[in-house]
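Q: Shown below is the structure under consideration.
4 protein chains.
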Amino acid sequence: MPKHLIGVMGPGNGASPLVEETAYALGQHIARRGWVLLTGGRNVGVMDAASRGAQSAGGLTVGILPTADTTVLSPAVDIPILTDLGNARNNLNVLSSQVVVACGIGLGTVSEIALALKVGKPVIFMRVPAEAVAFFARLSVHSLTATDSVKTAIAWIDEQLRL
Amino acid sequence: MPKHLIGVMGPGNGASPLVEETAYALGQHIARRGWVLLTGGRNVGVMDAASRGAQSAGGLTVGILPTADTTVLSPAVDIPILTDLGNARNNLNVLSSQVVVACGIGLGTVSEIALALKVGKPVIFMRVPAEAVAFFARLSVHSLTATDSVKTAIAWIDEQLRL
Amino acid sequence: MPKHLIGVMGPGNGASPLVEETAYALGQHIARRGWVLLTGGRNVGVMDAASRGAQSAGGLTVGILPTADTTVLSPAVDIPILTDLGNARNNLNVLSSQVVVACGIGLGTVSEIALALKVGKPVIFMRVPAEAVAFFARLSVHSLTATDSVKTAIAWIDEQLRL
Amino acid sequence: MPKHLIGVMGPGNGASPLVEETAYALGQHIARRGWVLLTGGRNVGVMDAASRGAQSAGGLTVGILPTADTTVLSPAVDIPILTDLGNARNNLNVLSSQVVVACGIGLGTVSEIALALKVGKPVIFMRVPAEAVAFFARLSVHSLTATDSVKTAIAWIDEQLRL
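Here it is as structure tokens:
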């Protein structure tokens, strides 16, 4: 049986301190559940913060890099997947995650949320402005879930994994 | 000197008749300028309508398919690029277009607009709801252009190609 | 009806003068038949020589680049496809070609021949050492064709397109 | 610090019993060293045998699938990466492995060896006919290593990781 991979996607350089704190806490709680954290693997923003959080709680972290260059790899990634696909790798982040958490929002995150909803992957929104959630809700056939509570997010992920 | 490739991106199965008409007219005018039309290549929606429009005006059409399966190819595509990349091919549509026209909107289109804005590619919005344009404007460092006039869109593309 | 795309694959920097001459002549004859030439698009070796040959005969040339950087583009490419996929783009070269000509051999060419034979794409070998052809013949379920005559190669391609 | 990822590549459906036994033993020894096994992830041939071997020894296994379809996933893969890239994913297998073991040979394996040698990735050959090794040696600037002893292969990998 494969492990459960939970994707946390969000801005790289543009992440705010609050978004990074949330990503760190998400990583911690994902690890405590025994799930594997999956991110875009770089050493900045949400990818880095979530990976550090997961590692601090003894969890396993996968990072799917856009390059083949490990100098941009987060030091908190255990399993680096070097794609050299540029932004085309965003689709791999989404497909390889059983559940996607959008933590904060940037243009890369928008592409990932859109690709996830298109294939019916469960997505939960954290620290994403209400009008951005509403934007995606209008394009999606499913109802969308948003919360700023890590505890609520983890409970929701747990439910999705049991479906 | 390579030819000018103009990308027209928009919904496949979910395109409205008005959006398809606009795509057809766009294809015609792109062809009349001597530009090459680039789409996602499938035989539905905006991809198909724009390709038929361009071909009706004697233009050249490129279609970048997500599959290696030509049964889903628009009969109005001259140059099929068979990627077998799934939705990861959306990034190729964007990178290979010198200018991107978003004509209508669906989840795939959202991913393409986001990837285009992320790399600073010029994007113009047609038949896209104002709140969707506003959503992207908040995430983009550039000001965004929207119009429902094909003539205005073509003039704007022409300007971008001269920059 | 899409146009016929004929792929010519071979070494970039390591191409010998004889291999480049053959690629140039192939490009010319492909263009004269009204077929579209497809290459890896860079401004070196077989890709560049074949594209220049095709353009000299008034043909249309497609180049599928590994990067999104047009500074490495052959000036003889009409339709640049910018993938930013690195060497993963080799599979697109193969899938998008109706027939593949291996003209000379390098490690990139080996990957393309292998991927082509794996999906049953017709491959013809030119200026490839006999032991390399024999290597592929042992791995392939089909019999393989090799020739150093451009005229013979063109006749063989023509046959494949009629199957 | 990321973990060491060791790639074992080889035929899927066409693998012989001897090749599969070797793959199983390789997986076991890779796991005993504390390295992570990386394969193409499918439930056949070398990918499956190596993953089962690694799992039997308590190791961690990564499988980079060509599809987004987990019904073809080896049950011995812990971390499935779902690419939906078709054979373009072969380049990811190679780039994500610090060392590549070619165990047996098929057309997919040939493409992986070629892509690995092209970027200077260390490759060791097991259960590969001498003339196939010679074929690659003629195209490679490095000298190539072949062995049918798992113990020798593991010692060689260990050396590569210390360079």
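These protein sequences, in sequence, are chains Z, U, D and F.
Note that the UniProt record's numbering has the first sequence beginning at 1, numbered continuously upward.
Note that the UniProt record's numbering has the second sequence beginning at 1, numbered continuously upward.
Note that the UniProt record's numbering has the third sequence beginning at 1, numbered continuously upward.
Note that the UniProt record's numbering has the fourth sequence beginning at 1, numbered continuously upward.
Every residue gets a Cβ at the ideal spot worked out from N, C-alpha and C, and that includes glycine.
Residue 111 of chain U touches chain Z at which residues, Cβ-Cβ below 9 Å?
A: The contacting residues are 90, 91, 110, 111, 112, 113, 114, 115, 118.
Q: Residue 158 of chain Z: buried (16+ other C-beta within 10 angstroms of its C-beta) or exposed?
A: The residue in question, residue 158 of chain Z, is exposed, as its Cβ has fewer than 16 Cβ neighbours within 10 Å.
Q: For residue 166 of chain F, does the three-state DSSP call read helix, strand or coil?
A: As shown, chain F starts at 1 and ends at 163. That puts residue 166 of chain F outside it, with no answer to give.
Q: Assuming residue 79 of chain D and residue 66 of chain U are in contact, meaning their beta carbons sit under 8 Å apart, how far apart are those beta carbons, in whole angstroms?
A: Actually they are not in contact, since the Cβ atoms of residue 79 of chain D and residue 66 of chain U sit about 19 Å apart, beyond 8 Å.
Q: Three or more C-beta pairs closer than 8 Å, one from the stretch 70-88 of chain F and one from the stretch 33-41 of chain F: is that the case here?
A: Enough Cβ pairs lie closer than 8 Å, so yes.
Q: What is the rounded straight-line gap between the Cα of residue 85 of chain F and the Cα of residue 98 of chain F?
A: Roughly 21 Å between the two C-alpha positions.
Q: What three-state label does DSSP hand residue 42 of chain D in the structure shown?
A: Residue state, collapsed to three classes: strand.
Q: At a Cβ threshold of 8 Å, is residue 106 of chain Z touching chain D?
A: Residue 106 of chain Z does not count as touching chain D.
Q: Who are the neighbours of residue 149 of chain D on chain U, taking C-beta pairs under 7 Å?
A: The contacting residues do not exist; residue 149 of chain D stays about 28 Å from chain U at best.
Q: Any idea which residues DSSP pairs residue 7 of chain Z with across the strands?
A: Note: residue 7 of chain Z sits in a beta bridge opposite Z:38, Z:100.
Q: Considering only C-alpha positions, which residue in the set Z:151, Z:122, Z:46 is nearest to residue 142 of chain Z?
A: Of the candidates Z:151, Z:122, Z:46, the one whose C-alpha sits nearest the C-alpha of residue 142 of chain Z is Z:122.
Q: Could you run through the stretch 117-144 of chain U and flag, in chain order, every residue whose CB is less than 9 Å away from some CB of chain Z?
A: Listed in sequence order: 117, 118, 119, 129, 131, 132, 134, 135, 136, 138, 139, 140.
Q: Could you please give the first and the last residue of the uninterrupted alpha helix (DSSP H) stretch that includes residue 150 of chain Z?
A: Looking at the DSSP string, the run of the alpha helix (DSSP H) that includes residue 150 of chain Z is 150-162.
Q: Check whether chain F comes within 8 Å of residue 79 of chain Z, counting only Cβ atoms and requiring the distance to be less than that.
A: Answer yes: the Cβ-Cβ gap between residue 79 of chain Z and chain F drops below 8 Å somewhere.
Q: Which residues share a DSSP beta bridge with residue 30 of chain D?
A: DSSP, once it has assigned bridges, lists no residue as partnering residue 30 of chain D.
Q: Residue 38 of chain U CB to nearest chain Z CB: under 8 Å?
A: Chain Z contact via Cβ: absent.
Q: Use the C-beta contact count for residue 54 of chain U: other C-beta atoms within 10 angstroms, 16 or more gives buried, fewer gives exposed.
A: Its Cβ being crowded by 16 or more others within 10 Å, residue 54 of chain U is buried.
Q: How should residue 48 of chain Z be labelled, buried or exposed, when 16 other C-beta atoms within 10 angstroms of its C-beta is the threshold for buried?
A: Answer is buried; the Cβ neighbour count reaches 16.
Q: Between the Cα of residue 118 of chain F and those of D:17, D:114, D:108, D:124, spot the shortest distance and give me the residue it belongs to.
A: Selected option, being the one with the closest Cα: D:108.
Q: Interface residues of chain Z around residue 87 of chain U at Cβ under 8 Å?
A: In chain order: 91, 115, 118, 119.
Q: To the nearest angstrom, how far is it from the Cα of residue 144 of chain U to the Cα of residue 69 of chain Z?
A: So the alpha carbons of these two residues sit roughly 33 Å apart.
Q: Tell me the rounded alpha-carbon separation between residue 14 of chain D and residue 127 of chain D.
A: Roughly 13 Å separates the two Cα atoms.
Q: Assuming residue 64 of chain D and residue 93 of chain D make a contact with CB atoms under 8 Å, what is their CB distance in whole Å?
A: Right, their Cβ atoms sit about 5 Å apart.
Q: Helix, strand or coil for residue 164 of chain F, going by three-state DSSP, please let me know.
A: Nothing can be reported for residue 164 of chain F, as the shown portion of chain F is limited to 1 through 163.
Q: What would DSSP say about residue 81 of chain D, mapped onto helix, strand or coil?
A: Reduced to three states, the DSSP call for residue 81 of chain D is strand.
Q: Residue 5 of chain D and residue 96 of chain D - do their beta-carbons sit closer together than 8 Å?
A: Contact flag set, yes.
Q: Please go through the same chain and pick out, in chain order, the residues whose beta-carbon is closer than 6 Å to the beta-carbon of residue 82 of chain Z, but skip the five residues on each side of it.
A: For residue 82 of chain Z, where only same-chain residues beyond five positions count, the Cβ hits under 6 Å are 65, 68.
Q: Indicate whether at least one CB of chain D lies closer than 8 Å to the CB of residue 69 of chain Z.
A: So, not an interface residue.
Q: Exposed or buried, which one is residue 58 of chain U when buried takes at least 16 other CB atoms within 10 Å?
A: Exposed, by the Cβ-count rule.
Q: Given a cut-off of 8 Å on the beta-carbon distance, is the pair residue 125 of chain U and residue 135 of chain Z in contact?
A: Going by C-beta atoms, residue 125 of chain U is not nearer than 8 Å to residue 135 of chain Z.
Q: Please confirm whether residue 158 of chain D has its beta-carbon closer than 8 Å to some beta-carbon of chain Z.
A: No, residue 158 of chain D lies away from the interface with chain Z (no Cβ there is under 8 Å from its Cβ).
Q: Just verifying my parser: in three-state terms, what is the DSSP assignment at residue 53 of chain D?
A: DSSP places residue 53 of chain D in helix when its eight states are reduced to three.
Q: Would you report the Cα separation of residue 33 of chain Z and residue 106 of chain Z, rounded to the nearest angstrom?
A: One C-alpha to the other measures close to 28 Å.
Q: What's the C-alpha gap between residue 8 of chain U and residue 152 of chain F?
A: Whole-angstrom Cα-Cα distance: 56 Å.
Q: Roughly how many whole angstroms lie between the Cα atoms of residue 131 of chain F and residue 155 of chain F?
A: Computed Cα separation, rounded: 24 Å.
Q: When you check each C-beta in the stretch 17-29 of chain Z against every C-beta of chain F, which residues fall closer than 8 Å?
A: Hits within the stretch: zero.
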